[in-house]
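**Q** Just passing along the structure, written as structure tokens.
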Amino acid sequence: MLAYAVKRIGLGLLILILVMVAMYAAVFLVPGDPATVALGPRATPELKRLLIERMGLDQPVWWQIVEFFRNALTGNLGYDVWSNRPVSTLVLEALPNTLILGLTALAVALLIGVPLGCLSVMRRGTAADAVIGVLSVGVIAVPSFVVAIYSLLVFAVTLRWLPAIGAGEAGDFISQVKALVMPAAAIALGWIGYIARMVRASMMEVMGEPHIRTARSFGLPEWKIVSKYALRIAIIPTISLVAVGLGSILSSAVFVEAVFARPGIGKLITDAVNTRNYPVVMGTVLIMTAIYVSITIAADLLIARLDPRVRDVFRG
Amino acid sequence: MTGSLAASDLSVRYETPHGTVHALRHVDIEAHPGEVIGIVGESGCGKSTLVTALANLLPANARIDGSIRYDGVDLAKLDAHCQRLLRGDEIALVGQDPMTAFNPVLTIGDQLVDFQHHRKDLGRAQKRARIAAMLGRVGIADAERRMQSYPHELSGGMRQRVAIAAALLTDPGLLIADEPTTALDVTTEAQIIHLLRELRREYSGIIIVISHHLGVIAELCDRVYVMYAGEVVEGGEVDAIFHDARHPYTQALLACDPARFHERLDRLPTIPGSLPSLTQPPQGCVYAPRCDRAFAPCTTIAPPLVKLATAHVARCHAVMP
């Protein structure tokens, strides 16, 4: 298990390095002079040169990458070219909001999706199963920014139940929760459908296995068979799906944060890209990739924890 | 609690998109406490359907006619909830394939504790103590450690021992072993048969052993029912069936048993022809198309169950009492 964990973490670090190399390559290859785009056509050559120097773009690309990682190892992700504030501070300020948003959305999706999937299996072939199926496919088909815009129109503009923008007043828990409802729902809705479908499909397969018949032959109640004997096996594909899907949850956070003008990583990246604030883009991407890679590793370790057969494969 | 089991005029059919499959037709079987009953027949003869019906585990598309009386209660007429309460309490099943019989992600001990869920009077520690004792009894050394194991860490023979222990833990009045040795290799098979023989001495309920292996049946059972194409064609004491078989199918089956041939044969004998369709079972005798003694009424009139001796019956036009 330990050797497996070390191997996965090593692979994760390699992925981080490759992503950053790709990012720098992209900046280098994209046509157009970032200083001109950022400063406008009437900027003086001195100003442009100053900006390029501040972003380190006058150095060779490989040197930029080496510098970036050398600084990153000491916790220095560079400085915002406009405000001169450290990127790490900007990221740390924005990160909690995005994590709260993403994790709330994920938790809501799991807490509703998994029971819905189980219910579908217990009531298979009935009207309840059909309704859950149709609704699941329906919500999967709706993009999160559409849900965001429509819920904004209905609940904030027309009904005025929930705030339209922001993350709530600092220190006021109720207002923060209110501000979280719509963005989280916008992201979670499609995932509820995904998870319900996924749990249903893998559980239907598990329910046909002989060990379920054994559990039945001992007269175990159906809810216990579904929630203990089948779910522990059937949840595994869902965990992988959710871990991979976290990347897409974080990227829908970019849209949703833009729609609700909610401070967070998504908004930070969007603003930084629009103003060609390369140090901020690079630092944020590094942090996001690191988060994503760690979640994937955590999911794989969790699967190994849940399934003793997987555990033994890695042990042996 | 121990009671007698009697299936009378039991028919089971499956409603499928391709038509109705008559898997079991007019089966009469009885068993009394302390008896070991064998059910033998080739693949597709309805053995598994019979077991599934006795254990109340028929799938939703199955329709059941006739009665299964156990201890005076008709199992076929019970609602799903009452059936579930009997399973794992009065009726226990040892499955065919020990490799897949247990949940792969839960420990043996965890599952065997759950399987005793009808025993509300016992605490978790008491249940675990019973498991340890029972695992020892079925010949598993190091029971405490084995309870921490996952199924895949045990060999096939050990898993089948655990399956037998699991069934015995529930103190069933009716223990059904569905092909208990089919998935095992020959050495392990012999060990499991030995174990079952030992257990029957201490066990007071009914044991039903399903097998297509004549040797297993001969070694374990008191009485045997021979099944063919969903019907019981002959039934009687083990001695009577093995030494004085009267139904042409039983005779042919015994003649084909590879264990009977001591010298090496180029070709093993087989029964010519194939099983009749269970979607449209023949009007007369099910065995008539393959029977070398078939005569005029066999193809049109279903033969009655002819009583040959006190416990010996055969469903055939050609046998005389």
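Protein chains in written order, with our numbering: chain L, 1 to 316; chain A, 1001 to 1321. Each residue gets a CB set at the ideal place from its N, CA and C atoms; glycine is no exception.
Let me check understanding here. Comparing Cα to Cα, which of A:1190, A:1027, A:1255 and A:1014 lies closest to residue 1314 of chain A?
**A** Here residue 1314 of chain A corresponds to residue number 314 of the second sequence, with the count starting at 1. Minimum Cα distance to residue 1314 of chain A is reached at A:1027.
**Q** Using CA coordinates, which residue listed in L:307, L:300 and L:308 is at the minimum distance from residue 6 of chain L?
**A** Numbered from 1 along the first sequence, position 6 holds the residue referred to as residue 6 of chain L. When each option's Cα is compared against that of residue 6 of chain L, the closest is L:300.
**Q** I need the DSSP call for residue 1013 of chain A, collapsed to helix, strand or coil.
**A** Position 13 of the second sequence holds residue 1013 of chain A. In this structure, residue 1013 of chain A counts as strand in the three-state DSSP scheme.
**Q** Report the residues of the stretch 1136 to 1167 of chain A with a CB closer than 7 angstroms to any CB of chain L, ordered along the chain.
**A** Answer set for the stretch 1136 to 1167 of chain A: 1150 and 1152.
**Q** Going along chain L, which residues have a C-beta under 7 angstroms from residue 1304 of chain A?
**A** Taking the second sequence and counting its residues from 1, one reaches residue 1304 of chain A at position 304. Result: empty, since nearest Cβ-Cβ is about 35 angstroms, beyond 7 angstroms.
**Q** Does residue 1105 of chain A get closer than 8 angstroms to chain L when you measure Cβ to Cβ?
**A** Residue numbering aside, residue 1105 of chain A sits at position 105 when the second sequence is read from its first letter. Yes - at least one Cβ of chain L is within 8 angstroms of the one on residue 1105 of chain A.
**Q** By the 9 angstroms beta-carbon criterion, what residues does the stretch 203 to 226 of chain L contribute toward chain A?
**A** Per Cβ criterion, the list reads 209, 210, 211, 212, 213, 214, 215, 216, 217, 218, 219, 220, 221, 222 and 224.
**Q** Interface residues of chain A around residue 229 of chain L at Cβ under 8 angstroms?
**A** Position 229 of the first sequence holds residue 229 of chain L. Result: 1103 and 1106.
**Q** Run through DSSP, which three-state label would residue 1069 of chain A get?
**A** Reading the second sequence from its first residue, position 69 is the one you call residue 1069 of chain A. Here residue 1069 of chain A sits in strand by DSSP.
**Q** Less than 8 angstroms between C-beta atoms, sequence neighbours within five positions excluded: which residues of the same chain meet that for residue 163 of chain L?
**A** Here residue 163 of chain L refers to the residue found at position 163 of the first sequence. Result list for residue 163 of chain L: 156, 175, 178 and 179, in chain order.
**Q** Is the CB of residue 1295 of chain A under 8 angstroms away from at least one CB in chain L?
**A** Along the second sequence, read from residue 1 onward, the residue named residue 1295 of chain A stands at position 295. With 8 angstroms as the cut-off, residue 1295 of chain A does not count as an interface residue toward chain L.
**Q** For residue 1223 of chain A, which of helix, strand or coil comes out of DSSP?
**A** Residue 1223 of chain A sits at position 223 when you count from the first residue of the second sequence. Strand.
**Q** Look at residue 1233 of chain A and residue 1218 of chain A and say whether their C-beta atoms are less than 8 angstroms apart.
**A** On the second sequence, position 233 is the one that residue 1233 of chain A refers to. On the second sequence, position 218 is the one that residue 1218 of chain A refers to. Contact flag unset, no.
**Q** If you run the structure through DSSP and keep just helix, strand and coil, what is residue 1001 of chain A?
**A** By 1-based counting over the second sequence, the position of residue 1001 of chain A is 1. In this predicted model, residue 1001 of chain A has a pLDDT of only 48, less than 50, meaning its place in the structure is not dependable; the value taken from the coordinates is given anyway. Here residue 1001 of chain A sits in coil by DSSP.
**Q** Using three-state DSSP, classify residue 1022 of chain A as helix, strand or coil.
**A** Here residue 1022 of chain A corresponds to residue number 22 of the second sequence, with the count starting at 1. Strand at residue 1022 of chain A.
**Q** Just how far apart, CA to CA, sit residue 271 of chain L and residue 233 of chain L?
**A** Counting from 1 along the first sequence, the entry for residue 271 of chain L is found at position 271. Counting from 1 along the first sequence, the entry for residue 233 of chain L is found at position 233. Going from the Cα of residue 271 of chain L to the Cα of residue 233 of chain L covers about 43 angstroms.
**Q** Give a yes or no on whether the minimum CB-CB distance between residue 1087 of chain A and chain L is below 8 angstroms.
**A** Within the second sequence, residue 1087 of chain A is the residue found at index 87, counting from 1. Cβ-Cβ to chain L under 8 angstroms: yes for residue 1087 of chain A.
**Q** Would DSSP call residue 1093 of chain A helix, strand or coil?
**A** The sequence position of residue 1093 of chain A within the second sequence is 93, counting from 1. Strand at residue 1093 of chain A.
**Q** Using the C-alpha atoms, what's the distance from residue 245 of chain L back to residue 277 of chain L?
**A** For this step, residue 277 of chain L is matched to residue 277 along the first sequence. For this step, residue 245 of chain L is matched to residue 245 along the first sequence. Cα to Cα, residue 277 of chain L sits roughly 28 angstroms from residue 245 of chain L.
**Q** Using a Cβ-Cβ cut-off of 7 angstroms (strictly less than) and excluding sequence neighbours within five positions of residue 1156 of chain A, which residues of its own chain qualify?
**A** Your numbering for residue 1156 of chain A matches position 156 in the second sequence. Here the set comprises 1098, 1099, 1183, 1184 and 1188.
**Q** Please work out which residues of its chain come closer than 7 angstroms, Cβ to Cβ, to residue 273 of chain L, disregarding the five sequence neighbours upstream and downstream, and give them in chain order.
**A** On the first sequence, position 273 is the one that residue 273 of chain L refers to. Around residue 273 of chain L: 281.
**Q** For residue 1018 of chain A, count neighbouring C-beta atoms within 10 Å of its own C-beta (all shown protein chains included) and say buried if the count is 16 or more, exposed if not.
**A** Here residue 1018 of chain A is taken as the residue at index 18 of the second sequence, counted from 1. Looking at its Cβ environment, which holds fewer than 16 other Cβ atoms inside 10 Å, residue 1018 of chain A is exposed.
**Q** For chain A, find out if any of its Cβ atoms is closer than 8 angstroms to the Cβ of residue 306 of chain L; answer yes or no.
**A** Numbered from its first residue, the first sequence carries residue 306 of chain L at position 306. Chain A contact via Cβ: present.
**Q** Going by DSSP in three states, residue 1210 of chain A sits in which element: helix, strand or coil?
**A** Walking along the second sequence from the start, residue 1210 of chain A turns up at place 210. The answer is strand: DSSP assigns residue 1210 of chain A an E or B state.
**Q** Buried or exposed for residue 295 of chain L, going by 16 or more other Cβ atoms inside 10 Å?
**A** The residue given as residue 295 of chain L occupies position 295 in the first sequence. Result: buried.
**Q** Quick one: list the residues of chain L neighbouring residue 1055 of chain A, beta-carbon separation under 8 angstroms, in chain order.
**A** Taking the second sequence and counting its residues from 1, the one referred to as residue 1055 of chain A is at position 55. Under the 8 angstroms cutoff, chain L gives 217.
**Q** Under 8 angstroms Cβ to Cβ from residue 1095 of chain A, same chain only, skipping five residues before and after it: list those, please.
**A** Against the second sequence, residue 1095 of chain A aligns to sequence position 95. If we look at residue 1095 of chain A and ignore the five residues flanking it on each side, its Cβ neighbours are 1101, 1163 and 1178.
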